[in-house]
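Numbering (this note's numbering), first residue to last: 34 to 360.
Backbone N, C-alpha and C define an ideal beta-carbon position, used for all residues, glycine too.
For clarity, every value in this text was computed on a predicted model and none was experimentally measured.
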Ligand SMILES: Nc1ncnc2c1ncn2[C@@H]1O[C@H](COP(=O)(O)OP(=O)(O)OP(=O)(O)O)[C@@H](O)[C@H]1O
Ligand SMILES: [Mg+2]
């Protein structure tokens, strides 16, 4: 789950005159996390504004799939992390949350109503405080989070009806879910006359498709979009090995070589004082983007080594340190 990790509780707090105080929950500081003020307060956003909307929508979907009602979704109760050019969101404040076996449509929509209200309110407040617009229209922003939520929820859980001979539709649906970053543990197919109804239960739709695959193959723990980028690079490398080597290369063997010959040396050669600026997977993604950019300009592939050197000087050296942005 994309939530901060609890590490302790300070309970039974009393003042000197015996008055009881609320307990305090202590959570581990989430590294490379950007609070919304650091994102929207900048004139140059660290990622397109639409990715903040998608990140919040996806966080709500993931919580709801697990049966978790948040009850206070807001910008300040979430944290954002760079995720391969986009952002992903984490829940920080679950004080109002309730864990159910599954959520009814009414509970889900109630949670989204609360989110819409909170988000637009916070955006108006932030605009007033900074004396400038932080988004075009706070209400449109909040409504768009709802739309993105509804669309993703439907893609993941909507029933589908097809004719018995159309088995490929099941394949297509499952592939689409994988592309969106979700795995389905189990599907239910119900025969109704000359039709088949495909049911996907929210409890068996699991996020983290690419993340799990990357972890299994390489031991690297990244976020979903980063994992997608790293896996693509790994596939490219495997194709290269197959073309130039003599034996067919298994996924596991190719992954081992990619890790020790490409990923690790690239990250290890980043000057130590610059490594705190971004998570390793994000640095790797940015180098690949930079390589694409330089290659476009040069009209030929400039290669990983040159792209890395240029990226360190042109991009990373001047970027703000984001490991612990609030400390
Ligand atoms: N584990 C964490 N890692 C990094 N930052 C965190 C973490 N937990 C909380 N924060 C930061 O602290 C802020 C406040 O956290 P939280 O919402 O849990 O406190 P709160 O007492 O409920 O405050 P508020 O009343 O403003 O909601 C968050 O918006 C976030 O920026
Ligand atoms: Mg809070």
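Could you please give the first and the last residue of the uninterrupted beta strand (DSSP E) stretch that includes residue 57? 57-60
Status (buried if at least 16 other CB within 10 Å, exposed otherwise) for residue 57: exposed
Taking 7 angstroms as the cut-off, is the beta-carbon of residue 362 closer than that to any non-hydrogen atom of ligand 2? What the structure shows of the chain is the stretch from 34 to 360, and residue 362 is not part of that stretch, so it cannot be assessed.
For residue 157 and residue 165, the rounded distance between their alpha carbons: Using only the alpha carbons, I get a separation of about 10 angstroms.
From this set, 94, 215, 168 and 266, which residue's C-alpha is nearest residue 73's C-alpha? 168
On the three-state DSSP scale, how would you describe residue 65? Coil at residue 65, not helix or strand.
Look at the alpha carbon of residue 362 and the alpha carbon of residue 43, and state the distance between them as a whole number of angstroms. Residue 362 is absent from the structure shown; the chain starts at 34 and stops at 360.
Mark residue 258 as exposed unless 16 or more other C-beta atoms lie within 10 angstroms of its C-beta, in which case mark it buried. buried
Could you name the residues, in chain order, whose CB is less than 6 angstroms away from a heavy atom belonging to ligand 2? 109, 110 and 126
Alpha carbon to alpha carbon, how far is residue 261 from residue 246? Give it in angstroms, no decimals. 9 angstroms
Enumerate in chain order the residues of its own chain whose CB-to-CB distance from residue 321 is below 7 angstroms, with the five nearest sequence positions on each side excluded. 262 and 266
Would you mind reading off the limits of the alpha helix (DSSP H) that contains residue 147? 138-163
In whole angstroms, give me the CA-to-CA distance for residue 281 and residue 112. 43 angstroms
Output the residue ranges of the alpha helix (DSSP H) runs that lie fully inside the segment 255-333 and measure 4 residues or longer, sorted by chain position. 257-277, 284-291, 297-301 and 313-331
Take the Cβ of residue 256 as the centre, count every other Cβ of all protein chains shown within 10 Å, and call the residue buried at 16 or more, exposed below. It is buried - the Cβ of residue 256 has at least 16 other Cβ atoms within 10 Å.
Measuring only from the beta carbon, is residue 79 closer than 7 angstroms to any heavy atom that is part of ligand 1? no
CA-to-CA distance, residue 93 to residue 228, given in whole angstroms: 33 angstroms
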